Amino acid sequence: MNTPGGGVANTASGAVNVVQAKTIHGDVTYQIPPDSSPEERFQIGLRYLHGGILTKARECLGEAVAQGHVTSRSCFYLLLALLSGRTLQQMTDEDIETLRSLRGRVATHPRDAWADAIKSIMRLIDSVESPDQDPRILMKELDELGTRQQDEIFHHLEVFLRGPVRNWTWRRVFDRAGQEQCEGQRTDRVWRFFQPEPIPPRVRSPRPARIDLATWVRCGLATAALGATAGFLVRVAWQHAWLSTAPALLVAVAAAIVGAYTGVEWRYRVVRIRAKDRELLPTRQRTRPAAGDGFAAEIDRMFTHYFGTYLPRGADRGEWLTQTSGARQFLRDEVVDLYRESRVEAKRVAWLIRYLISDVQHRWRSGRLWDYHDRLRPPVAVRALFVLAVTTFTIGAVRVAGEAVVARPLSGSALAVCGLAAGWLAARDWTGMLVERRRFAAEAAETGRLRDDRVAAYGRWCRKLAIRPDDLEMAHWLDCDRKVLMRQATEHYKLALQAIIAHAFMEAPAPGCKWARVRNGPWRYSRYQLLVFLLTADGVRQMAVDLDFEQARFRNQERLNYRYDAVAAVGVQEADDGHKTFELALVNSHSIDVEVTGPASDPVAPGEDCRTVSRATLDAAGLGNTLHVLEGIAAEGKAWIHHERRREEDCLGRLVSAERATVAPGSASGRACPG
Numbered sequence: 242m243n244t245p246g247g248g249v250a251n252t253a254s255g256a257v258n259v260v261q262a263k264t265i266h267g268d269v270t271y272q273i274p275p276d277s278s279p280e281e282r283f284q285i286g287l288r289y290l291h292g293g294i295l296t297k298a299r300e301c302l303g304e305a306v307a308q309g310h311v312t313s314r315s316c317f318y319l320l321l322a323l324l325s326g327r328t329l330q331q332m333t334d335e336d337i338e339t340l341r342s343l344r345g346r347v348a349t350h351p352r353d354a355w356a357d358a359i360k361s362i363m364r365l366i367d368s369v370e371s372p373d374q375d376p377r378i379l380m381k382e383l384d385e386l387g388t389r390q391q392d393e394i395f396h397h398l399e400v401f402l403r404g405p406v407r408n409w410t411w412r413r414v415f416d417r418a419g420q421e422q423c424e425g426q427r428t429d430r431v432w433r434f435f436q437p438e439p440i441p442p443r444v445r446s447p448r449p450a451r452i453d454l455a456t457w458v459r460c461g462l463a464t465a466a467l468g469a470t471a472g473f474l475v476r477v478a479w480q481h482a483w484l485s486t487a488p489a490l491l492v493a494v495a496a497a498i499v500g501a502y503t504g505v506e507w508r509y510r511v512v513r514i515r516a517k518d519r520e521l522l523p524t525r526q527r528t529r530p531a532a533g534d535g536f537a538a539e540i541d542r543m544f545t546h547y548f549g550t551y552l553p554r555g556a557d558r559g560e561w562l563t564q565t566s567g568a569r570q571f572l573r574d575e576v577v578d579l580y581r582e583s584r585v586e587a588k589r590v591a592w593l594i595r596y597l598i599s600d601v602q603h604r605w606r607s608g609r610l611w612d613y614h615d616r617l618r619p620p621v622a623v624r625a626l627f628v629l630a631v632t633t634f635t636i637g638a639v640r641v642a643g644e645a646v647v648a649r650p651l652s653g654s655a656l657a658v659c660g661l662a663a664g665w666l667a668a669r670d671w672t673g674m675l676v677e678r679r680r681f682a683a684e685a686a687e688t689g690r691l692r693d694d695r696v697a698a699y700g701r702w703c704r705k706l707a708i709r710p711d712d713l714e715m716a717h718w719l720d721c722d723r724k725v726l727m728r729q730a731t732e733h734y735k736l737a738l739q740a741i742i743a744h745a746f747m748e749a750p751a752p753g754c755k756w757a758r759v760r761n762g763p764w765r766y767s768r769y770q771l772l773v774f775l776l777t778a779d780g781v782r783q784m785a786v787d788l789d790f791e792q793a794r795f796r797n798q799e800r801l802n803y804r805y806d807a808v809a810a811v812g813v814q815e816a817d818d819g820h821k822t823f824e825l826a827l828v829n830s831h832s833i834d835v836e837v838t839g840p841a842s843d844p845v846a847p848g849e850d851c852r853t854v855s856r857a858t859l860d861a862a863g864l865g866n867t868l869h870v871l872e873g874i875a876a877e878g879k880a881w882i883h884h885e886r887r888r889e890e891d892c893l894g895r896l897v898s899a900e901r902a903t904v905a906p907g908s909a910s911g912r913a914c915p916g
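Put into structure tokens, the structure is as follows:
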């Protein structure tokens, strides 16, 4: 046996200091309505039992039976809850009284599958008191139970069982755990449990056309002035030389129409290109990264992380990040503006950020990131027509104005200058207003397309999350992992099952893991620090692994052996911030510390109590039985084995003697369990 050297082994240091977002699902798995009926309390208690939250399971199932929901099935599950995860000496007097009552009720109950299962459990209790009984009879009886009843008994009574029955049961449990460890598409579904509920998509509304009253007034006055001056000049020129004025006037009007159309088209395309450039090109006045842990800072970190993660295959990282820096900043600002004021948690927007970045990546990889330049660049024909129209209009207008000036030099010259100024103002304002209206229409159409694309992406993501496992599946898979680890430990240490006096598990969040839970449920983690303690006649065998819960893989196996007299102290320390740390100190100053829960500041949903969540997490982690075993070793050393057996015998004696009094003729109490 190896006694470790001095030092401190902090087996889960930092596990609760992760910066990963913590997700709370809105499932009602562990919600107890105030006006719930006994049947509803039974169903909730059943979920607590299957979720590994044994204290609440005993409470709810006991209340359901006490309030009148008395069936063989409810009595069976209450009995399982009383015995699950602990030995008889860990039971209170109230628990023993409940056991007596259950045996009395079952004694007169008509036979069915659940009643037979209860009787088998009672015989298991008797077999612990009388180890000389033939275990083959009991094993045959257990083997004849229904599959559902067998599974429940094997799962919940692993700590309670003793002798050959335990060895036979464990072998079946280990085999089943290996088969069910990855059932239900675990490796494809578990990651979904840690994804938050996505927030529906939003799209930035297009900026309304900015045409103020002053622009309308100025444009109207300029147009009126242009019409008046042009009309006067045309009339004077017509009267003076209509033969030369007529063709010049027709050419000028036609050129003005063509020039107006092509000019607006050219200007609109230039404005759109500049607007798109502002979305993709880095600007000098860039938004400064937000500081702290607020919403904007979280969005900053997500964009930085995902742009680095979504590097196109074969692309140079520096080139990718440089060419997309403008898009990264534009999209970051859009997301912050859209969601900042609605108190949305940043993690709920992560799906949208990933979609936006994947869209940029796809366009960058296909060469379409800058294709708007080709799509919006003014065609050569438009530019040529505009230049030709302006030139032609200028020639025609000068010819008409020249005839007017010849006829009336003073007034004609003055009105020609006024007409030129009014025409320039009117052309500028009309072009600006028409371009602004076209911009708004184009952006509105683009916003509609963006909304459709984001809604489609949101739907795809929601459909992916639709097969997210529930908390009971997560608890079952974790229990399978425990059993598989225990089997590996027994095989590594070459321990026969009958050589194991007792065992205990400990689990804690691994550094950098993701956290998630349902309302009022225990925290589940994407990665665990998982420990198993095997107690034998010679000492303790301890095995610790890092469990990748999403992939059902063990990594970084650590082993430790120590004698019973090497254990100096065992306890749970609670820090000021709410961290709970399991501490196992050995006499040579070696320490094993496992942080089993996070701080009290961990998020809770409205209507939740952080203490309830903490108790549920500790309960599901198996801390109660582990402390019972290891604290006994720390206090009594190797003598704990003898004392534990004696305490167990005393407890069994009290239980059996009370049961005999309960089932004696004329003394049976309590009504029978209806089917």
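Using my numbering, read the sequence shown as starting at 242 and increasing by one per residue.
The beta-carbon is built from N, C-alpha and C at its ideal position, and this holds for glycine as well.
Quick caveat: nothing in here was measured; it's all calculated off a predicted structure.
Bounds of the alpha helix (DSSP H) holding S315 are S313 to L324.
Taking the C-beta atoms as reference points, A322 is found nearer than 8 Å to L290. Inclusion of E684 and P447 in the CB contact set at 8 Å is warranted, their separation being smaller than that value. Secondary structure within the stretch 633 to 702: not one fully enclosed beta strand (DSSP E) run of 3 or more consecutive residues is present. A residue is called buried once 16 or more other Cβ atoms fall within 10 Å of its Cβ, and W457, having fewer, is exposed.
The Cβ atoms of S599 and Y551 sit closer than 8 Å to each other.
Cβ atoms of F823 and V835 come within 8 Å of each other, at about 4 Å.
When DSSP reads this structure, E799 sits in a beta bridge with A785.
Under DSSP, P750 shares a beta bridge with Y769. With a 10 Å radius around the Cβ and a threshold of 16 neighbouring Cβ atoms, T867 comes out buried. DSSP, reduced to helix, strand and coil, places L736 outside both helices and strands of the structure shown, so it counts as coil.
By the neighbour-count criterion, in which a residue is buried when 16 or more other Cβ atoms sit within 10 angstroms of its Cβ, R341 is buried. When G865, C301 and A880 are compared, the shortest CA-CA separation from T328 is found for G865. In the structure shown, W756 falls within a strand segment according to DSSP collapsed to helix, strand and coil. Residue pairing from DSSP places T838 in a beta bridge opposite K821.
Two segments are said to touch when three or more pairs of C-beta atoms, one from each, lie closer than 8 Å; by this definition the stretch 609 to 621 touches the stretch 514 to 524. The C-beta distance from A793 to Y769 rounds to 11 Å, too long to meet the 8 Å contact threshold.
Counted as a single uninterrupted DSSP element, the beta strand (DSSP E) harbouring T264 occupies residues K263 to H266.
Around the CB of A305, 16 or more other CB atoms lie within 10 Å, so the residue is classed as buried. Secondary structure note for G812: its beta strand (DSSP E) is the uninterrupted segment V808 to E815. Within the same chain, Cβ atoms closer than 7 Å to the Cβ of V492 are found at T633 and G637, the five residues on either side in sequence being excluded.
Sorting E338, D541, F746 and D392 by C-alpha distance to the C-alpha of A785 places F746 at the top. Taking one beta carbon from each stretch, the stretch 387 to 395 and the stretch 354 to 361 have 3 or more pairs nearer than 8 Å; the two touch. Between P405 and the set W881, E877 and A740, the nearest pair of CA atoms involves A740. A distance below 7 Å between beta-carbons, with the five flanking residues on each side excluded, links L666 to the following residues of its chain, in chain order: R459 and A463. When only Cα atoms are considered, R709 and A298 end up about 24 Å apart. Looking at the DSSP output, L706 sits in no beta bridge, so it has no partner there. When DSSP reads this structure, H744 sits in a beta bridge with L775.
The beta carbon of T339 lies closer than 8 Å to those of G303, L319 and L323 in the same chain, with the five residues before and after it left out. Around the beta carbon of G660, 16 or more other beta carbons sit within 10 angstroms, so the residue counts as buried.
N761 counts as buried, since at least 16 other C-beta atoms from the protein chains shown sit within 10 angstroms of its C-beta.
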